[in-house]
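Written out below as structure tokens is the structure these notes cover.
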Amino acid sequence: MPTVCFPTIGMPRQRIRVDWKTVDGAFSKPRRLHLENDKEGLFHCPAPGCEHDGFESQRGYRKHVKTKHRYIYFDTKPIISAESERKPDVNQSCSSGSKPTLPCCATNSQLARLFSSWLQSTTGGERQGKHAEISTNIALYGIGVDDASFEKSDYGTVFTLAQRYVDFIQKIQPRGPYYLAGYSFGGTVAYEMASELKREYNETVAMVFMVDTLPWFPKALTNCTEYHRKCGEEKLKSMGKLVTRQVIEKMAFVRLGVTRNEVDNLYENLGENKEVITALENQAAEKNLNFPLKEQVDTVLYELKSAAKAHNDWQPSKIYYEETITYVCSDETHLFSLWKPDIWKSLVERMEFLFVSGNHIELRDETRGKICGSMMMTTAAMKYQSAFSTFNLQAVRSRPQERLVESLKQGLAIWMLSSPSSSTMVKGTLWLNSEETIFYFEYTLLGRRKRQKIFIKGEL
Numbered sequence: 001m002p003t004v005c006f007p008t009i010g011m012p013r014q015r016i017r018v019d020w021k022t023v024d025g026a027f028s029k030p031r032r033l034h035l036e037n038d039k040e041g042l043f044h045c046p047a048p049g050c051e052h053d054g055f056e057s058q059r060g061y062r063k064h065v066k067t068k069h070r071y072i073y074f075d076t077k078p079i080i081s082a083e084s085e086r087k088p089d090v091n092q093s094c095s096s097g098s099k100p101t102l103p104c105c106a107t108n109s110q111l112a113r114l115f116s117s118w119l120q121s122t123t124g125g126e127r128q129g130k131h132a133e134i135s136t137n138i139a140l141y142g143i144g145v146d147d148a149s150f151e152k153s154d155y156g157t158v159f160t161l162a163q164r165y166v167d168f169i170q171k172i173q174p175r176g177p178y179y180l181a182g183y184s185f186g187g188t189v190a191y192e193m194a195s196e197l198k199r200e201y202n203e204t205v206a207m208v209f210m211v212d213t214l215p216w217f218p219k220a221l222t223n224c225t226e227y228h229r230k231c232g233e234e235k236l237k238s239m240g241k242l243v244t245r246q247v248i249e250k251m252a253f254v255r256l257g258v259t260r261n262e263v264d265n266l267y268e269n270l271g272e273n274k275e276v277i278t279a280l281e282n283q284a285a286e287k288n289l290n291f292p293l294k295e296q297v298d299t300v301l302y303e304l305k306s307a308a309k310a311h312n313d314w315q316p317s318k319i320y321y322e323e324t325i326t327y328v329c330s331d332e333t334h335l336f337s338l339w340k341p342d343i344w345k346s347l348v349e350r351m352e353f354l355f356v357s358g359n360h361i362e363l364r365d366e367t368r369g370k371i372c373g374s375m376m377m378t379t380a381a382m383k384y385q386s387a388f389s390t391f392n393l394q395a396v397r398s399r400p401q402e403r404l405v406e407s408l409k410q411g412l413a414i415w416m417l418s419s420p421s422s423s424t425m426v427k428g429t430l431w432l433n434s435e436e437t438i439f440y441f442e443y444t445l446l447g448r449r450k451r452q453k454i455f456i457k458g459e460l
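Numbering (the UniProt record's numbering), first residue to last: 1 to 460.
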């Protein structure tokens, strides 16, 4: 399950400080700038090559030239030796080309996140294009099965798996926000991990990303439990054949150099997986190669059954993840699945669907795997950026409107009906979430703390 490490923020590089009046050939006193605006009323920078869009005021124009292009006042920019003109500055960090820049603060603090957001904003970093100099390193940590291992492992329950995986992740990333993703059965584990992080650690989960995860079956639907069980057994058999074929093709190519076309010919002549496995093991024996294909296939099928049982037995806990699920759906699941993945909608506020061609097993191929990986990283990047108010593109509001929105985010004490069908008035706090999409009304009734969600249809 992947998590995200945040960017390391360093001190700015030293600047060359030049007194342009002392340069040979410069004017003795500053020249006057000729200010002229265009049809849109913008004043443009006179420095050649400056990419600034323009300034609405003469003050901003002059300040920009004085800060960025001071040489304009005296002459065209001459060539200055960086080493000869560099002056030491005690306020700057000590850095060299051979050593990394010293960090200015702890990278996991709120100050670091705000500083990173400020640098990448249009008005941050002294209004320079600092965003081009800042890179974000994202580390993905995967938890899975080693291909070289032939030991059978019982998955147990989804709940115990989620607890173990959360322990693994928190050794690398102790605090949130967390970005979780999983393919097939891994999507169920990722969702339970998000619930575990919320339930036990009160941590923030920024993303839950499911890749063609099978729908869960509510145990309350007792009238069709047997039908669901039989359908699940049939699906497990068909999936077992496809997975076995993939394992055979992979091991035959890696260990024996047998291509997929040659494996296809073996299937045409022999028909069943068992006969093909025997034929390939005989080829390996003739070459004196260790080729435990049957043992590997048995291990994969055992773990497939274990995962299917754990998924079928899983039910959401009383406290579970309720935010947003991003779901990548294959064509086969979307068109022909008996139980639609929409059942996950019953647990969360919003479910975002993305679609990829092919069936469930084909999503593991290299081509479609890259597509799903790109979707996952794009989703993670968008979730990461949305955490900063700088990136929220909202309509321009007046000052009274802005003050009203800020007061709503802080919370207002009001009286309100406990439910639409009730006549009981309760006192609680009404507040707006940071994304400005949902109102929450929190109150206490009969000793229990409750929360209502009020979705916003229009814009504030």
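From the three backbone atoms N, C-alpha and C, an ideal C-beta is built for every residue, glycine too. Fair warning: this is a prediction, and the values are worked out from it, not measured in the lab.
Excluding residues up to 5 positions away in sequence, V189, E192, M193, E196 lie with their Cβ nearer than 7 Å to the Cβ of A162 in the same chain. Inside the region 406–458, DSSP marks whole beta strand (DSSP E) runs of 3 or more residues at positions 412–417, 425–432, 438–445, 448–455, from first to last along the chain. Judged by DSSP in its simplified three-state form, V166 adopts helix.
Counting only residues of its own chain and dropping the five nearest sequence neighbours on each side, D342 has a CB closer than 8 Å to the CB of P215, M351. Closest option to S330, judged by alpha-carbon separation, among D167, D53, S184, R164: S184. Look at Y178 here: in three-state DSSP terms it is strand.
Counting along the chain, the unbroken beta strand (DSSP E) around Y327 starts and ends at 324–330.
Within the same chain, and ignoring the five residues on either side of M376 in sequence, the residues whose Cβ sits closer than 7 Å to its Cβ are A181, F209. Between G54 and H44, the gap from beta carbon to beta carbon is short of 8 Å.
With fewer than 16 neighbouring CB atoms inside 10 Å of its own CB, T437 falls in the exposed class. Per the coordinates, the alpha-carbon of F253 lies some 8 Å from the alpha-carbon of R260. In the three-state scheme derived from DSSP, where H, G and I count as helix and E and B as strand, Y227 is classed as helix. Looking at the DSSP output, E352 bridges to T326. For V208, the three-state secondary structure derived from DSSP is strand. When secondary structure is reduced to three states using DSSP, N37 falls in the strand class. Closest in alpha carbon position to K453, among L445, S418, S422, is S418. Rounded to the nearest angstrom, the gap between the Cα atoms of Q170 and T367 is 32 Å.
Under the DSSP definition of a beta bridge, Y183 partners with V211. According to the DSSP assignment, S357 belongs to no alpha helix (DSSP H), since it is labelled neither H nor E. Selection Y320, N359, V166 evaluated against V348 yields Y320 as nearest (Cα-Cα). Of the other Cβ atoms in all chains shown, 16 or more fall within 10 Å of the Cβ of D212; this residue is therefore buried.
In the three-state reduction of the DSSP assignment, F43 falls in the strand class, which pools E and B. In the DSSP annotation of this structure, the continuous segment of the alpha helix (DSSP H) that includes D264 starts and ends at 260–270. Going by C-alpha positions, T67 is about 20 Å away from E36. Residue environment for H34: exposed (fewer than 16 other C-beta atoms within 10 angstroms of its C-beta). For the pair of segments examined, the region 200–209 was found to touch the region 304–324: the number of CB pairs separated by less than 8 Å reaches three. For W415, the number of other beta carbons within 10 angstroms of its own is below 16, and it is reported as exposed. For the pair I456 and F439, the Cα-to-Cα distance works out to about 7 Å. The region 442–450 and the region 423–433 touch, with three or more beta-carbon pairs separated by less than 8 Å. For F159, the secondary structure class from DSSP, reduced to helix, strand or coil, is helix.
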